[in-house]
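Under my numbering, the first residue of the sequence shown carries the number 1051, and numbering increases by one thereafter. Every residue gets a Cβ at the ideal spot worked out from N, C-alpha and C, and that includes glycine. Predicted model only: the values in this text are computed from it and were never measured. Structure record follows, encoded as structure tokens.
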Amino acid sequence: MTQFSLASLYEISRRWSQRNSPEALTSDIPIKQLPRTRYDGNNSYNGFSADERKRTEQVMQVLRRKGFLSTKAGCSLCGSTERTQFHAEDYLDPFAATPICGPCHMTLHQRFNKPNRWLERLDRFSDSPFIAEFRVLPMEQVDFATWLRENTDGPHDPVRAVWPDRDIPDYSPKAKPLPQAATSAPKTSMKAETPRGPRPPIGFFQCGLEIGTRLTFRPAPEEDITVHTNRTLLWRGRELSLTALTNSLAKEYGVSNDRNRHWFVGDVSLSDIYDATYGPKAASAEGDISDA
Ligand SMILES: [Zn+2]
1051 MTQFSLASLY
1061 EISRRWSQRN
1071 SPEALTSDIP
1081 IKQLPRTRYD
1091 GNNSYNGFSA
1101 DERKRTEQVM
1111 QVLRRKGFLS
1121 TKAGCSLCGS
1131 TERTQFHAED
1141 YLDPFAATPI
1151 CGPCHMTLHQ
1161 RFNKPNRWLE
1171 RLDRFSDSPF
1181 IAEFRVLPME
1191 QVDFATWLRE
1201 NTDGPHDPVR
1211 AVWPDRDIPD
1221 YSPKAKPLPQ
1231 AATSAPKTSM
1241 KAETPRGPRP
1251 PIGFFQCGLE
1261 IGTRLTFRPA
1271 PEEDITVHTN
1281 RTLLWRGREL
1291 SLTALTNSLA
1301 KEYGVSNDRN
1311 RHWFVGDVSL
1321 SDIYDATYGP
1331 KAASAEGDIS
1341 DA
């Protein structure tokens, strides 16, 4: 790793930032507080803590909504336009991110443990116009955060990078810690206040989720899992029911296949969303989230 230089990583980040043209941001974006983070991982990267990464992701959400960040060009590695996300190396600059699809993104972040999967992917998509940028990424964790703070000009803060003169409060949850989607679930399905017998199978749309909404399997938060239809999820290109996927993941990660414990949407448990949608569990009902 002696050949690797953090300056070259900075150069790549500058390119990503320029491609997203921060110059277009000429006036203050109106904002009351940062949105709730969608990053639910707990891992540091490039010397940035999970909390620092969350803060940047919150700012990026605002930039995406305002059209300053777009994934329209598709994955900059494989070209896929499905479920495109952003990948960042420099979390001090919220513009410094490149569009990337879920599978490429997951493989990128797993490269320290599964280097061959990443290197194979680089070979497979060596025609990408941006392949050189991805080949620069080091194969071991680096402390890019410290390097950036010592070698570049400030503000060294993703919020100040967008709102240089303002203090923006962090997200604070409203009374009920449920996502917007879940609280706006159809009220008709809430009538079961004293439910009898088993509750209905989970319908993701009834629960206020949408196609593409990301679900997290807590024992393996890096797994990319999204809502595919009202009754199925998409994982590694496969369409599976919640039960089938829970069983597969439980086996792979050696954990229990308890649907109620492991699933989250952001920081809200799917079990709570299910309860909010279909009413509380009847004393006689077996199990919790029904999926059949
Ligand atoms: Zn891709």
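Distance, T1087 Cα to K1104 Cα: Counting from one through the sequence shown, the residue named residue 1104 turns up at place 54. Counting from one through the sequence shown, the residue named residue 1087 turns up at place 37. Roughly 6 Å between the two C-alpha positions.
For G1152 and Y1324, the rounded distance between their alpha carbons: Working through the sequence shown from its first residue, we reach residue 1324 at position 274. Working through the sequence shown from its first residue, we reach residue 1152 at position 102. Cα-Cα distance, rounded: 26 Å.
Buried or exposed (CB count within 10 angstroms, at least 16 for buried), A1249: On the sequence shown, residue 1249 is found 199 positions in, with the first residue counted as 1. Looking at the sequence itself, residue 1249 is Arg, so the reference to Ala does not match. Looking at its Cβ environment, which holds 16 or more other Cβ atoms inside 10 Å, R1249 is buried.
Neighbourhood of F1184 by C-beta distance below 7 Å, restricted to the same chain and skipping five residues each side: Stepping through the sequence shown from its first residue, residue 1184 is reached at position 134. Only L1127 and L1172 meet the Cβ criterion.
Cβ-heavy atom distance, S1130 to ligand 1, below 7 Å: The sequence position of residue 1130 within the sequence shown is 80, counting from 1. Because some heavy atom of ligand 1 lies under 7 Å away, the Cβ of S1130 counts as near it: yes.
Coil, strand or helix - A1225 by DSSP: Your numbering for residue 1225 matches position 175 in the sequence shown. Note on A1225: pLDDT 44, under 50, position unreliable in the model; the coordinate value appears next. Correct three-state label for A1225: coil.
Span of the beta strand (DSSP E), counted from its first residue to its last, around I1062: For this step, residue 1062 is matched to residue 12 along the sequence shown. First-last for I1062: L1056 to R1069, but that is the alpha helix (DSSP H), not the beta strand (DSSP E).
Secondary structure of I1181, DSSP reduced to three states: Mapped onto the sequence shown, residue 1181 falls at position 131. In this structure, I1181 counts as helix in the three-state DSSP scheme.
Meets three-Cβ-pair contact criterion under 8 Å: the segment 1118-1125 and the segment 1069-1078: yes
Touch test, the segment 1096-1114 against the segment 1202-1213, Cβ-Cβ under 8 Å, three pairs minimum: yes
8 Å Cβ cutoff met for P1149 and V1112: Locating residue 1149 in the sequence shown gives position 99, where the first residue counts as 1. Locating residue 1112 in the sequence shown gives position 62, where the first residue counts as 1. Contact: no.
Contact under 8 Å by Cβ, H1137 with A1147: Mapped onto the sequence shown, residue 1137 falls at position 87. Mapped onto the sequence shown, residue 1147 falls at position 97. Yes, the pair counts as a contact, with Cβ atoms nearer than the cut-off.
Classification of D1101 by the beta-carbon crowding that lies within 10 angstroms, buried from 16 upward: Here residue 1101 corresponds to residue number 51 of the sequence shown, with the count starting at 1. With fewer than 16 Cβ atoms within 10 Å of its Cβ, D1101 is classed as exposed.
Near ligand 1: I1150 beta-carbon under 7 Å from a heavy atom: Within the sequence shown, numbered from 1, the residue matching residue 1150 stands at position 100. It does: the Cβ of I1150 is within 7 Å (strictly closer) of some heavy atom of ligand 1.
L1075 Cβ short of 7 Å to ligand 1 heavy atom set: Here residue 1075 is taken as the residue at index 25 of the sequence shown, counted from 1. No, ligand 1 has no heavy atom inside 7 Å of this Cβ.
D1325 in three-state terms, based on DSSP: Position 275 of the sequence shown, counted from the first residue, corresponds to residue 1325. Helix, per DSSP.
Alpha carbon of F1255 to alpha carbon of Y1089, nearest angstrom: Counting from 1 along the sequence shown, the entry for residue 1255 is found at position 205. Counting from 1 along the sequence shown, the entry for residue 1089 is found at position 39. Cα to Cα, the separation comes out at about 22 Å.
Q1111: first and last residue of the uninterrupted alpha helix (DSSP H) it sits in: What you label residue 1111 is simply residue 61 of the sequence shown in a count that begins at 1. A1100 to R1115 is the extent of the alpha helix (DSSP H) around Q1111.
Distance CB(G1262)-CB(R1115) smaller than 8 Å: As a position in the sequence shown, residue 1262 is number 212, starting the count at 1. As a position in the sequence shown, residue 1115 is number 65, starting the count at 1. In this structure, R1115 does not lie closer than 8 Å to G1262 by Cβ.
Alpha-carbon spacing of M1189 relative to F1145, whole angstroms: Counted from its first residue, the sequence shown places residue 1189 at position 139. Counted from its first residue, the sequence shown places residue 1145 at position 95. Answer to the nearest angstrom: the Cα atoms are 24 Å apart.
CA-to-CA distance, L1198 to P1205, given in whole angstroms: The sequence position of residue 1205 within the sequence shown is 155, counting from 1. The sequence position of residue 1198 within the sequence shown is 148, counting from 1. Spanning the two alpha carbons is a distance of roughly 11 Å.
Rounded C-alpha distance that separates Q1160 from W1168: Locating residue 1160 in the sequence shown gives position 110, counting from the first residue. Locating residue 1168 in the sequence shown gives position 118, counting from the first residue. When rounded, the distance between both Cα atoms is 8 Å.
Three-state secondary structure assigned by DSSP to H1137: Locating residue 1137 in the sequence shown gives position 87, where the first residue counts as 1. Of the three classes helix, strand and coil, the one that applies to H1137 here is strand, per DSSP.
L1127 CB to nearest heavy atom of ligand 1 below 7 Å: Working through the sequence shown from its first residue, we reach residue 1127 at position 77. L1127: yes, Cβ under 7 Å from ligand 1.
Contact test: P1153 Cβ vs ligand 1 heavy atom, cutoff 7 Å: Position 103 of the sequence shown, counted from the start, is the residue given in the question as residue 1153. Yes - ligand 1 has a heavy atom lying nearer than 7 Å to the Cβ of P1153.
Burial state of R1286 (16 or more Cβ within 10 Å): Within the sequence shown, the letter at position 236 stands for residue 1286. Classification of R1286: exposed, given that the 10 Å Cβ count is below 16.
Same chain, Cβ closer than 8 Å to A1225, five either side skipped, listed in chain order: For this step, residue 1225 is matched to residue 175 along the sequence shown. Confidence is the limiting factor: at A1225 the pLDDT is only 44, short of 50, which leaves the residue's position unreliable and the question unanswerable from this model.
Simplified DSSP assignment, three categories, for W1285: Sequence index remark: in the sequence shown, residue 1285 carries index 235 (1-based). In this structure, W1285 counts as strand in the three-state DSSP scheme.
Residue from I1218, T1131 and W1313 with nearest C-alpha to E1273: As a first step, residue 1273 is located in the sequence shown; it is residue number 223 there, counting from the start. Among I1218, T1131 and W1313, the Cα nearest to that of E1273 belongs to W1313.
Candidates N1280, P1251 and Y1303, of which the one nearest F1267 by Cα: As a working mapping, residue 1267 is identified with position 217 in the sequence shown. The shortest Cα separation from F1267 among N1280, P1251 and Y1303 belongs to Y1303.
S1178 versus S1130: straight-line alpha-carbon distance, rounded: Taking the first residue of the sequence shown as 1, we reach residue 1178 at position 128. Taking the first residue of the sequence shown as 1, we reach residue 1130 at position 80. Their Cα atoms are separated by approximately 11 Å.
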